[in-house]
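These notes are about the structure you will find just below.
4 protein chains.
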Amino acid sequence: MTRHRIAILGASGYTGAELVRLIATHPGMKIVALTADRKAGAAMAEVFPHLRHLALPRLVTIAEVDLKGVDLAFCALPHATTQEVISALPRDLKIVDLSADFRLRDPALYAHWYGHEHRALELQAEAVYGLTEFYREEIRAARLVAGTGCNAAAGLLAVVPLLEAGLIDPDEIIIDLVTGVSGAGRGAREGMLHAEVSEGFHAYNVASHRHMAEFDQEFAKAAGRPVTCSFTAHLAPQNRGILATIYLEGEAAAIHAELARRHAGEPFIRVLPLGESPHTRHVRGSNFCDLGVVADRRPGRTILFAALDNLVKGASGQAIQNANLMLGLDETAGLMAAPLFP
Amino acid sequence: MTRHRIAILGASGYTGAELVRLIATHPGMKIVALTADRKAGAAMAEVFPHLRHLALPRLVTIAEVDLKGVDLAFCALPHATTQEVISALPRDLKIVDLSADFRLRDPALYAHWYGHEHRALELQAEAVYGLTEFYREEIRAARLVAGTGCNAAAGLLAVVPLLEAGLIDPDEIIIDLVTGVSGAGRGAREGMLHAEVSEGFHAYNVASHRHMAEFDQEFAKAAGRPVTCSFTAHLAPQNRGILATIYLEGEAAAIHAELARRHAGEPFIRVLPLGESPHTRHVRGSNFCDLGVVADRRPGRTILFAALDNLVKGASGQAIQNANLMLGLDETAGLMAAPLFP
Amino acid sequence: MTRHRIAILGASGYTGAELVRLIATHPGMKIVALTADRKAGAAMAEVFPHLRHLALPRLVTIAEVDLKGVDLAFCALPHATTQEVISALPRDLKIVDLSADFRLRDPALYAHWYGHEHRALELQAEAVYGLTEFYREEIRAARLVAGTGCNAAAGLLAVVPLLEAGLIDPDEIIIDLVTGVSGAGRGAREGMLHAEVSEGFHAYNVASHRHMAEFDQEFAKAAGRPVTCSFTAHLAPQNRGILATIYLEGEAAAIHAELARRHAGEPFIRVLPLGESPHTRHVRGSNFCDLGVVADRRPGRTILFAALDNLVKGASGQAIQNANLMLGLDETAGLMAAPLFP
Amino acid sequence: MTRHRIAILGASGYTGAELVRLIATHPGMKIVALTADRKAGAAMAEVFPHLRHLALPRLVTIAEVDLKGVDLAFCALPHATTQEVISALPRDLKIVDLSADFRLRDPALYAHWYGHEHRALELQAEAVYGLTEFYREEIRAARLVAGTGCNAAAGLLAVVPLLEAGLIDPDEIIIDLVTGVSGAGRGAREGMLHAEVSEGFHAYNVASHRHMAEFDQEFAKAAGRPVTCSFTAHLAPQNRGILATIYLEGEAAAIHAELARRHAGEPFIRVLPLGESPHTRHVRGSNFCDLGVVADRRPGRTILFAALDNLVKGASGQAIQNANLMLGLDETAGLMAAPLFP
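Chains as they are written, first to last, in my numbering: chain V, 3 to 344; chain B, 3 to 344; chain X, 3 to 344; chain R, 3 to 344.
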């Protein structure tokens, strides 16, 4: 198989390293450039010693990258700076972006949640939302794909089919979610120290988490009218994994049947038998998303669960899944490794 | 201060060890007997080496204990066997029970949730529910106090005042809760191995958790009519700590004001400023319960949080708090140690 | 590529699951039988839900397996029962055994360390010790290969080349080692509960650990005379990973040079630059073993480090590496996945 | 009991918070001032929410503290700045310093290990090394006590008595040690993030760790001649706890007998029965140090273990133990809380 030539912009963070890890055994991709502005000049093995066996290009600044001959760039840069970087890239370069910059289609919604006007409106209009299971054909044809928020991915894969099928009350959606710490990135912050995070549990950004904007956008599209859910994210003392526990008004059996039907052909969605609920550890390191449905003891109510690895299906695995489509590769190429347990 | 003479029946589990830990520096209690049927004959230091510096009686069987001269017995035995053991104890012995056997006042409710008829109905009728903050005077006068479920304690301290004050819709209560592993006890089970539990997160006993019976009982009493909540418990990879995230229909400001008012004089309830949410790590090892109130973005909805240490305020600390009252001691005696962080 | 037909005897433990995980994406192997005596009849997905996406044969008893047409069997059964099971297998079936039963060549040494006479002396004589880097050609020709102890693998890969080269004093070898909990297996034991293991550290089997027998055997072979090392194993609160810290009398520069030379062509040994020491997290989930050499401040002394994943290079990955050789496959087939970090 | 008036300089780090935690229930101390230059103006409850129930003075700068009426100051400031701060304090103020600035008596030794000349030589000459068990009478009379390094405390409590008794070869001491992450402090550093530290194990500062200077100083004093040991520190994924595994040439029985004899009256040293080794989890949150002795399989060699909580016996608990002596209080006041397990 010819290997497509890949650049990773922003390779010194966890999602960047995860892209390298996954591409290392990908039959159709080859890394030709890695950037990290602050660590330019370093070898990847210095920044991520677990990758030391790989023959990788040295980290450079974005300005130093020769993009000629690059088939696709993954962009794993911080929010806000991303839109400026991508604006400066060639307009025919295929891009999968992992930041939040191009997820929201409505500029007003973006400005509301991110606190400033979008500075690349044309690109924003062009970008396709990267939840493969719902935008597969658009992604196949896209030049710029915006990877979803990791929490958003978990909630959307579970709830969107139900809104589309009219099986739940759109006004009664509560998403209670827990995420591991790697979602917060590699930046040094007191609150993410081991001594602060381990052996404890707490909620964060209560009632103000930005991933709600993605729920609003995609739920409204699915329901055909505005939808406002409740959403609370918690931080658990584990590195990887998101579990969404979703409280719905709707019948469990119908909900389960619809999810099983809708995701029947999906290579990465594993719908558990009715009555079972998933564990984050059972998707660790993999591109799978496990869905579980349990009838609440309150009649007409259902508890719906979604589990995925925030760095894989919630970020870098999803990005490669999309890139596979954009490059005409098998959608599952490089992504079928089984989860790592224990 | 004269030290009251204390027996602990069932001292080889985590709640038993926690009672010993707390009583070790309690000015008004002295341990005179420790039982553990399977480990009878052993020194406590063999079973719990962290307690090796204490001069403690050797573990014996219950049959071997001389209860004459014992002022109060803590009973930390498994469910179901507890009712038989306590039935055989002197009727004038003060008892604080940490099992589920005497929590439910209605024998039918007990039979429904625990799968068999109660075998000590007279004692069941006598027992006082051990949530100190709501049953203080009854506990002071009681002979037999039934400690609450650890999860129940978290939910009840947060929600009961709101039902009593009529500030929330009793039909729209969702309690999403996470607990550490020590609540599962010291019995060897595959599912509680470090390799199974660490680095992952999952729900358990979904829609069937027995602590719902306590919510039903106490919420109904507070609301003056039947209340059925939704409740989901999750297991987090940490040893101690419960965080309840509770979704309510009601106004956050009023809810916060009522909780602050109601718990104003409570020595162990710390109500956080409106808009803040608690961490389990900030109550670890202590008898505190932290409550937090945040307005949801959906108007008229509130997200309410309760955090406590399942082995302390959720079990052994609560038991000592109740025993202090029953023995005429200062309610806070032996319980004011600050949380252990990090 | 034709896929060789593989049976896994003892598939319900962690090393069994790890074999399945690795074979799932192996281009030259296909699982045709899985056994687990106590869980016979169950689907693998019930025992290990993380593998639920795989089309796997149902678990059966060993007696039920039709071994005709099986090219190679991995045997991941408990010590002692293994020798009886393998004795009953066809004498032309290729076998990679992961137990301790065939690691020691000297029956007297076996009897000393394992407390009973070996019951399959003929097989013991036939077995090849499975440390690929030192027995590659023997393994290629072998019918029965005995996988090494996980701790032994770490120590041997680091020290054997130095004894062979005469660079260290054989009488002054101290191996201080830490291992994650998965090495203890999936059996339910109080001492391996999350609440017992997490947030703490301790030594175990001090001065009596059975993996010392393997050091004695292989060190003596390398040095050409008896060698008795000191060895202490500790349990760390992590699932995977072994780090050996080895104190030696010898010159760091020469030691580093010899390790670099000796392992230069090895696909799975990564020798770090002189002065650096490895992390277990940088080999997690992979078949790599990282070696590091640092000069002690005491002249003529060296501190040598080896890190590997006990379930991969220490067990199931090593087993597949050996099976690849025995089946005439590329030695690295199915094993080049990069470590999972974080 | 009259409560002595206490100031804590540097209260925003872990050792500062631990001092507050321990003093909160200390019968003879009362906190009257807390400083934290960068967080001056904040309430302690904002910086350490677990302490929110305490009535504490607001954080101020050191310049703002009125030291009149302060009986004793704990100084928990960073190395190097400490010597300047203490130089500016009144010369009659009792001080327990937790930094490294006054641990080394020899200015040349200090300059060698810390890379600059000491800037308060007079204070350095005055300071007493704070290992209570060996300097009790000097500490009772001291004005300025220098708390030991946390790793040093573990090694010294175990080895010094043996050197003094001439039971071991001073030239063959290897201290292999593991510590939890809280010893690294609360400063935000990439390497101490949960995602970097959890689920992994590694050595750090190999052959160059500064706590070796304390071993050199105290071992030489005990042996009556220079002693150079090997010392390797590792980081384990746990918040608290140090375990030193020490390899010695000497007889286990004699070593055990001497440690038992020497520490017989010590309130915080628990010598385990010969052949047992301690766990860090069994001292967590307490001021105990557990010592264990096991005979190596190599004749004449012994493996010696020491476990303590780095934030308590290794820092803040030790500091209070010393302060108790300096203030004429019972040495154990406020320090007898049992370890927190699990």
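Beta carbons are placed, not taken as given, at the ideal position from N, Cα and C, and that holds for glycine. Source: prediction; values computed, not measured.
At a cut-off of 9 angstroms between beta carbons, Tyr-16(V) contacts chain R. Ranking Asp-171(X), Arg-272(X), Val-208(X), His-265(X) by CA distance to the CA of Leu-237(X) puts Val-208(X) first. Interface criterion met: the Cβ of His-196(X) is under 9 angstroms from a Cβ in chain B.
Taken in chain order, the complete beta strand (DSSP E) segments of 3 or more residues contained in the segment 169-193 of chain B are 175-181. For Ser-232(X), no alpha helix (DSSP H) encloses it; the enclosing beta strand (DSSP E) starts and ends at 232-237.
In this model, Ala-205(V) and Ile-176(V) are separated by some 15 angstroms (Cα to Cα). DSSP lists no bridge partner for Ile-88(B). Using a CB distance cut-off of 9 angstroms, Ala-190(X) counts as an interface residue toward chain B. The beta-carbon of Asp-292(V) is placed less than 9 angstroms from the nearest beta-carbon of chain X. Within the segment 331-343 of chain V, the residues whose Cβ lies closer than 7 angstroms to any Cβ of chain X are, in chain order, Met-338, Ala-339, Ala-340, Pro-341, Leu-342, Phe-343.
If only uninterrupted alpha helix (DSSP H) runs of at least 4 residues are considered, those enclosed by the segment 31-83 of chain V are 46-49. When DSSP states are grouped into helix, strand and coil, Val-130(V) belongs to the strand group. A residue is called buried once 16 or more other Cβ atoms fall within 10 Å of its Cβ, and Thr-234(V) is buried on that count.
Between Arg-138(R) and chain B, the shortest Cβ-Cβ separation is not below 9 angstroms. Rounded to the nearest whole angstrom, the C-alpha separation of Phe-217(X) and Gly-302(R) is 20 angstroms. The bridge partners DSSP lists for Cys-291(X) are Ile-271(X), Leu-310(X). For His-55(B), the nearest beta carbon of chain R is closer than 9 angstroms to its own beta carbon.
For Ala-148(R), the secondary structure class from DSSP, reduced to helix, strand or coil, is strand.
The three-state reading of DSSP puts His-120(V) in coil, since its state is none of H, G, I, E or B. Counting only residues of its own chain and dropping the five nearest sequence neighbours on each side, Glu-251(R) has a CB closer than 7 angstroms to the CB of Ile-170, Asp-171, Glu-174, Gly-302, Arg-303.
Judged by beta-carbon spacing, Phe-50(R) lies beyond the 9 angstroms limit of Phe-290(B), meaning their Cβ atoms are not closer than that value. Excluding its 5 nearest sequence neighbours in each direction, Ala-297(X) has C-beta neighbours in its own chain below 7 angstroms: Ala-254, Thr-304, listed in chain order. The shortest CA-to-CA distance from His-211(B) to any of Val-180(B), Ala-222(B), Glu-192(B) is the one to Val-180(B). When secondary structure is reduced to three states using DSSP, Val-22(V) falls in the helix class. The beta-carbon distance between Leu-164(V) and Ile-244(V), rounded to whole angstroms, is 19 angstroms. This is too long to meet the 8 angstroms contact definition.
Leaving aside the five residues that flank Thr-4(V) on each side, the residues in its chain whose CB is nearer than 8 angstroms to its CB run, in chain order, Gly-30.
Assignment of Leu-329(B) by DSSP, reduced to helix, strand and coil, places it in the coil class. Between Ala-38(V) and Leu-61(V), the beta carbon gap of about 4 angstroms places them in contact (Cβ cut-off 8 angstroms). Beyond the five residues adjoining it in sequence on each side, Ser-184(V) comes within less than 6 angstroms, by CB distance, of Tyr-16, Asn-241, Arg-242, Leu-313 in the same chain, given in chain order. Contacts with chain R at 9 angstroms (Cβ-Cβ) include Asp-298(X). Listed in chain order, the positions of the segment 6-37 of chain X with a beta carbon within less than 8 angstroms of a beta carbon of chain V are Tyr-16, Ala-19, Val-22, Arg-23, Ala-26, Thr-27. Interface flag for Asp-178(X) against chain R is set, since a Cβ pair is found closer than 9 angstroms. Contact residues of the segment 199-232 of chain V toward chain X are Ser-200, Glu-201 (C-beta to C-beta distance below 9 angstroms). The beta-carbon of Asn-153(V) is placed no less than 9 angstroms from the nearest beta-carbon of chain B. Between Leu-106(V) and Gln-219(V) a beta carbon distance of about 6 angstroms is seen, short of the 8 angstroms cut, so the two are scored as contacting.
Residues of the segment 265-289 of chain V with a C-beta less than 9 angstroms from any C-beta of chain X: Pro-269, Phe-270, Arg-272, Leu-274, Glu-278, Pro-280, His-281, Arg-283, His-284, Val-285, Arg-286, Gly-287, Ser-288, listed in chain order.
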